[in-house]
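Student: In the order they appear, the protein sequences are chains A and B.
All residue numbers for the first sequence refer to this note's numbering, where the first residue is 4 and numbers rise by one.
All residue numbers for the second sequence refer to this note's numbering, where the first residue is 103 and numbers rise by one.
Positions of the beta carbon are idealized from the N, C-alpha and C atoms, including for glycine.
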Amino acid sequence: MAKTQTIRFRDDRYYAPSEHMWVKLEDRRARIGLDALGCWAAGTIAHIDLQRPAKRLLRVGAAFGTLEANKFVGALRAPLRGTILAVNEAPLQNPRLLNTDPYGEGWLVVLEPTHFAEDLVSLVHGREAILRYASEKVAEYRQRGILPDDAKQLQVVVQ
Amino acid sequence: METGVAKAAPRPASPQTLRMSNAAALSLRLAAGRFYRDVELTGINVLLDYERGCHANCAYCGLARERAGAYEDKSFIRVDWPVHPTDRIIEQMAKHAERMGRFCISQVVHPQTHHDTLELIRRFRARTDTPISVLCAPPLLNRERLQQYKDAGVDMIGVGLDAVTERTFERRRGREVRGGLHWKKYWEVIFLSREIFGPWKVNCHVVVGLGDSDRELLEFSDRVNRNEIYAYLFCFYPEPDSAMASARRPSLFRWRRIQLLKYLLEERKISPRDIQYNGRGGVARASIAREVINWAIEGAAAFMTNGCPEQRTGLVSCTRPFGSYRPGEPFRDYPFVPSSADRKAIRRQLRLDRWCATSNEQYHGQNTDHSLPR
Numbered sequence: 004m005a006k007t008q009t010i011r012f013r014d015d016r017y018y019a020p021s022e023h024m025w026v027k028l029e030d031r032r033a034r035i036g037l038d039a040l041g042c043w044a045a046g047t048i049a050h051i052d053l054q055r056p057a058k059r060l061l062r063v064g065a066a067f068g069t070l071e072a073n074k075f076v077g078a079l080r081a082p083l084r085g086t087i088l089a090v091n092e093a094p095l096q097n098p099r100l101l102n103t104d105p106y107g108e109g110w111l112v113v114l115e116p117t118h119f120a121e122d123l124v125s126l127v128h129g130r131e132a133i134l135r136y137a138s139e140k141v142a143e144y145r146q147r148g149i150l151p152d153d154a155k156q157l158q159v160v161v162q
Numbered sequence: 103m104e105t106g107v108a109k110a111a112p113r114p115a116s117p118q119t120l121r122m123s124n125a126a127a128l129s130l131r132l133a134a135g136r137f138y139r140d141v142e143l144t145g146i147n148v149l150l151d152y153e154r155g156c157h158a159n160c161a162y163c164g165l166a167r168e169r170a171g172a173y174e175d176k177s178f179i180r181v182d183w184p185v186h187p188t189d190r191i192i193e194q195m196a197k198h199a200e201r202m203g204r205f206c207i208s209q210v211v212h213p214q215t216h217h218d219t220l221e222l223i224r225r226f227r228a229r230t231d232t233p234i235s236v237l238c239a240p241p242l243l244n245r246e247r248l249q250q251y252k253d254a255g256v257d258m259i260g261v262g263l264d265a266v267t268e269r270t271f272e273r274r275r276g277r278e279v280r281g282g283l284h285w286k287k288y289w290e291v292i293f294l295s296r297e298i299f300g301p302w303k304v305n306c307h308v309v310v311g312l313g314d315s316d317r318e319l320l321e322f323s324d325r326v327n328r329n330e331i332y333a334y335l336f337c338f339y340p341e342p343d344s345a346m347a348s349a350r351r352p353s354l355f356r357w358r359r360i361q362l363l364k365y366l367l368e369e370r371k372i373s374p375r376d377i378q379y380n381g382r383g384g385v386a387r388a389s390i391a392r393e394v395i396n397w398a399i400e401g402a403a404a405f406m407t408n409g410c411p412e413q414r415t416g417l418v419s420c421t422r423p424f425g426s427y428r429p430g431e432p433f434r435d436y437p438f439v440p441s442s443a444d445r446k447a448i449r450r451q452l453r454l455d456r457w458c459a460t461s462n463e464q465y466h467g468q469n470t471d472h473s474l475p476r
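Below you can see the structure in the form of structure tokens.
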């Protein structure tokens with residue numbers, strides 16, 4: 004019997020669906036990472052590159068790093084406008100942290116947002132909206148053959 | 103003698119289990135993940151799986167006997183080959199048969215290999231009619247066994263010769279690494295396979311970067327082609343912890359140039375006499391009509407993966423995406439038809455002005471001497 008795969012989302016985060024990024028508000032800063040579905044769909048993550056903190060303003064959708072999995076490489080894109088204040092060294096040393104702990108040890112950067120309230124509007128937040136986003140993405144990935152056949156046993160959990 | 107201590111049950115092995123590359127597992131929908139640039143892989147490679155692994159000790163191979171670690175944890179061509187139940191693999195091959203182009207059984211040097219290969223072919227053939235290749239382990243084979251593969255439904259045989267000279271073979275796979283493999287036995291199996299399976303049904307895997315010169319590689323390719331045997335190029339990529347872990351990869355320039363010249367020789371667009379070598383066997387200069395160069399770059403087949411074909415389309419099925427380079431690096435062999443931007447990159451990487459005397463002379467067809475070497 005196929006085992007059930009669980010994909011977890013945190014309900015205290017905001018999500019940028021097209022980039023699979025999560026945003027966690029911390030005072031006037033935003034901690035950013037890749038959500039569990041994005042990590043899973045990429046495959047086993049083998050290498051991460053991140054831009055160092057700089058004054059340069061990131062636009063929404065601008066690349067601030069790259070993710071390389073066994074058979075895939077893609078840009079990590081900013082979900083908010085802002086500048087990078089800090090970079091997490093842990094996933095640079097151990098990229099598999101993104102697969103094993105995407106919301107904790109596997110965070111990527113801390114941003115200082117410049118248009119926070121404005122940018123937040125386009126992000127997904129709240130249990131129902133997150134479930135809708137996840138189910139649409141799962142359906143898309145299933146159609147594109149990115150998920151294994153036993154992903155029919157997939158369970159999305161928001162907690 | 104009874105010790106009173108229960109022995110651990112042996113772990114399952116082939117034919118109950120097989121190892122499968124990450125790429126094949128993605129394509130068969132056995133694992134989550136995606137291919138950069140939406141590569142389609144229709145050639146599924148499996149590797150026989152035994153607790154004690156391969157008995158050979160090739161200097162560049164992740165499965166080498168003396169490489170540290172348990173066999174099931176060893177990577178092969180730099181990626182993990184997780185173990186899957188054979189029934190599950192066959193079930194997925196049958197389920198996705200319309201997308202699949204070929205099933206390839208890679209043997210390892212182990213006493214059970216021949217028996218298990220036959221068992222797998224029979225089980226696989228009972229469920230699908232996808233063509234089957236065997237990438238064989240010559241030390242275990244003879245005429246009778248090769249004939250059994252053919253009779254059971256295998257249509258292509260691959261021989262992982264890897265080195266094209268006896269010197270490099272002994273250095274990387276034979277006596278010098280206590281490998282136990284014999285150059286003459288490999289050739290015996292190549293020619294037996296050619297006899298049994300027929301023209302263009304046998305291929306020799308050749309790894310650029312093990313120590314053979316450009317001249318040796320290109321002359322080898324030309325020689326086996328004349329015998330209606332394919333030479334499939336692979337680009338050496340050092341396997342961590344292997345004896346060649348710190349050896350350098352061939353430069354992209356050298357690799358591209360060998361791809362191009364091999365292809366032009368195969369297609370009879372140039373003659374071996376059109377290539378001049380330096381004292382170390384490196385390509386020094388080649389004379390090629392500009393029209394031929396443009397034809398090769400724009401057609402781009404020269405730069406795509408060499409591998410066994412699908413039956414329906416004749417296109418390469420075993421495209422081994424990102425097998426000898428990381429997805430974040432420039433492609434070595436393209437697992438798809440290169441785009442216009444890719445072809446521009448290929449042209450730059452070839453640095454034609456350094457070594458190629460292109461002429462504007464019009465190309466009038468074959469200019470090759472077809473006589474076999476004496």
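DSSP beta-bridge partners for residue 187 (chain B)?
Tutor: For residue 187 (chain B), which the question treats as bridged, DSSP gives the partners B:119.
Student: Once DSSP output is grouped into helix, strand and coil, what is the label at residue 291 (chain B)?
Tutor: Helix, per DSSP.
Student: Considering only residues of the stretch 290 to 323 of chain B, which uninterrupted beta strand (DSSP E) runs meet the minimum length of 3 residues and lie entirely inside it, listed in chain order?
Tutor: If we require 3 residues or more, the beta strand (DSSP E) runs fully inside the stretch 290 to 323 of chain B come out as 304 to 310.
Student: Measuring alpha carbon to alpha carbon, tell me which residue in B:337, B:336 and B:304 is nearest residue 330 (chain B).
Tutor: It is B:304 whose Cα lies nearest to the Cα of residue 330 (chain B).
Student: In three-state DSSP terms, what is residue 396 (chain B)?
Tutor: Note: residue 396 (chain B) maps to helix in three-state DSSP.
Student: Go to residue 226 (chain B), then tell me how far its alpha helix (DSSP H) extends in each direction, as first and last residue.
Tutor: Looking at the DSSP string, the run of the alpha helix (DSSP H) that includes residue 226 (chain B) is 215 to 229.
Student: Put residue 102 (chain A) into one of helix, strand or coil per three-state DSSP.
Tutor: In this structure, residue 102 (chain A) counts as helix in the three-state DSSP scheme.
Student: Tell whether a beta-carbon distance below 9 Å holds between residue 22 (chain A) and residue 64 (chain A).
Tutor: Yes. Within cutoff.
Student: Quick check on residue 74 (chain A): buried or exposed, where buried means 16 or more other Cβ atoms within 10 Å of its Cβ?
Tutor: With 16 or more other Cβ atoms within 10 Å, it is buried.
Student: Run through the DSSP bridge pairs and tell me what residue 406 (chain B) is partnered with.
Tutor: Residue 406 (chain B) is bridged to B:436.
Student: Rank A:52, A:56 and A:98 by C-alpha distance to the C-alpha of residue 46 (chain A) and give the top, closest one.
Tutor: Ranking A:52, A:56 and A:98 by Cα distance to residue 46 (chain A) puts A:98 first.
Student: When you compare only the Cα positions, how much space is there between residue 122 (chain B) and residue 316 (chain B)?
Tutor: Going by the C-alpha atoms only, they are around 32 Å apart.
Student: Skipping 5 residues on each side, what residues in its chain have a beta carbon closer than 7 Å to that of residue 84 (chain A)?
Tutor: The answer, listed in chain order, is 60, 61, 62, 63, 116, 117, 118 and 122.
Student: Within 9 Å (strictly less), CB to CB, does residue 76 (chain A) reach chain B?
Tutor: True, the Cβ-Cβ gap to chain B drops below 9 Å.
Student: What residues of chain A sit near residue 436 (chain B), judged by a beta carbon separation below 8 Å?
Tutor: The premise fails here: residue 436 (chain B) is roughly 14 Å from chain A at the closest Cβ pair, so nothing lies under 8 Å.
Student: Indicate the three-state DSSP secondary structure (helix, strand or coil) for residue 417 (chain B) in the structure shown.
Tutor: Residue 417 (chain B) falls in the coil class under three-state DSSP.
Student: To the nearest whole angstrom, what separates the beta carbons of residue 220 (chain B) and residue 250 (chain B), a pair I think is in contact under 8 Å?
Tutor: So it is a contact: roughly 6 Å between Cβ atoms.
Student: Around the Cβ of residue 218 (chain B), are there at least 16 other Cβ atoms within 10 angstroms (buried) or fewer (exposed)?
Tutor: Flag for residue 218 (chain B) reads buried.
Student: So, do the stretch 397 to 417 of chain B and the stretch 127 to 139 of chain B have three or more beta carbon pairs nearer to each other than 8 Å?
Tutor: Short answer: they don't touch.
Student: From the DSSP output, in three-state form, read off residue 327 (chain B) for me.
Tutor: Of the three classes helix, strand and coil, the one that applies to residue 327 (chain B) here is helix, per DSSP.
Student: Looking at the structure shown, is residue 63 (chain A) part of a helix, part of a strand, or coil, going by DSSP?
Tutor: Three-state DSSP puts residue 63 (chain A) in coil, outside helix and strand.
Student: With C-beta atoms as the reference, is residue 237 (chain B) less than 9 Å away from residue 255 (chain B)?
Tutor: No; because the gap between Cβ atoms is not below 9 Å, this pair is not in contact.
Student: By the 10 Å Cβ neighbour count, where 16 or more other Cβ atoms means buried, how is residue 425 (chain B) classified, buried or exposed?
Tutor: Buried, because 16 or more other Cβ atoms sit within 10 Å of the Cβ of residue 425 (chain B).
Student: Going by DSSP in three states, residue 401 (chain B) sits in which element: helix, strand or coil?
Tutor: Note: residue 401 (chain B) maps to helix in three-state DSSP.
Student: Are there 16 or more other CB atoms within 10 angstroms of the CB of residue 103 (chain B), so buried, or fewer, so exposed?
Tutor: With a pLDDT of 47 at residue 103 (chain B), under the threshold of 50, the predicted position of this residue should be treated as unreliable, though the coordinate-derived value follows. Per the 10 Å Cβ criterion, exposed.
Student: Quick one: give me the first and last residue of the beta strand (DSSP E) that residue 424 (chain B) is part of.
Tutor: Neither: residue 424 (chain B) is in no beta strand (DSSP E) and is coded neither H nor E.
Student: Would DSSP call residue 166 (chain B) helix, strand or coil?
Tutor: Residue 166 (chain B) falls in the coil class under three-state DSSP.
Student: Since residue 412 (chain B) is in the alpha helix (DSSP H), which residue starts that stretch and which ends it?
Tutor: Unbroken run through residue 412 (chain B): none, as it is neither H nor E.
Student: Along chain A, in chain order, which residues have C-beta atoms closer than 8 Å to that of residue 138 (chain B)?
Tutor: Chain A residues near residue 138 (chain B): 74, 75, 76 and 77.
Student: Considering just the uninterrupted stretch of the beta strand (DSSP E) at residue 113 (chain A), what are its terminal residues?
Tutor: 112 to 116 is the extent of the beta strand (DSSP E) around residue 113 (chain A).
Student: If residue 110 (chain A) and residue 34 (chain A) are in contact, beta carbons under 8 Å, what's the gap, nearest whole angstrom?
Tutor: Their Cβ separation, rounded to whole angstroms, is 5 Å, which keeps residue 110 (chain A) and residue 34 (chain A) in contact under 8 Å.
Student: Suppose only complete runs of 3+ residues qualify. What are the beta strand (DSSP E) ranges in the stretch 341 to 387 of chain B, listed by chain order?
Tutor: Segments of the beta strand (DSSP E) lying fully in the stretch 341 to 387 of chain B: 377 to 379.
Student: Is the beta carbon of residue 166 (chain B) closer than 9 Å to that of residue 373 (chain B)?
Tutor: Cβ atoms of residue 373 (chain B) and residue 166 (chain B): not closer than 9 Å.
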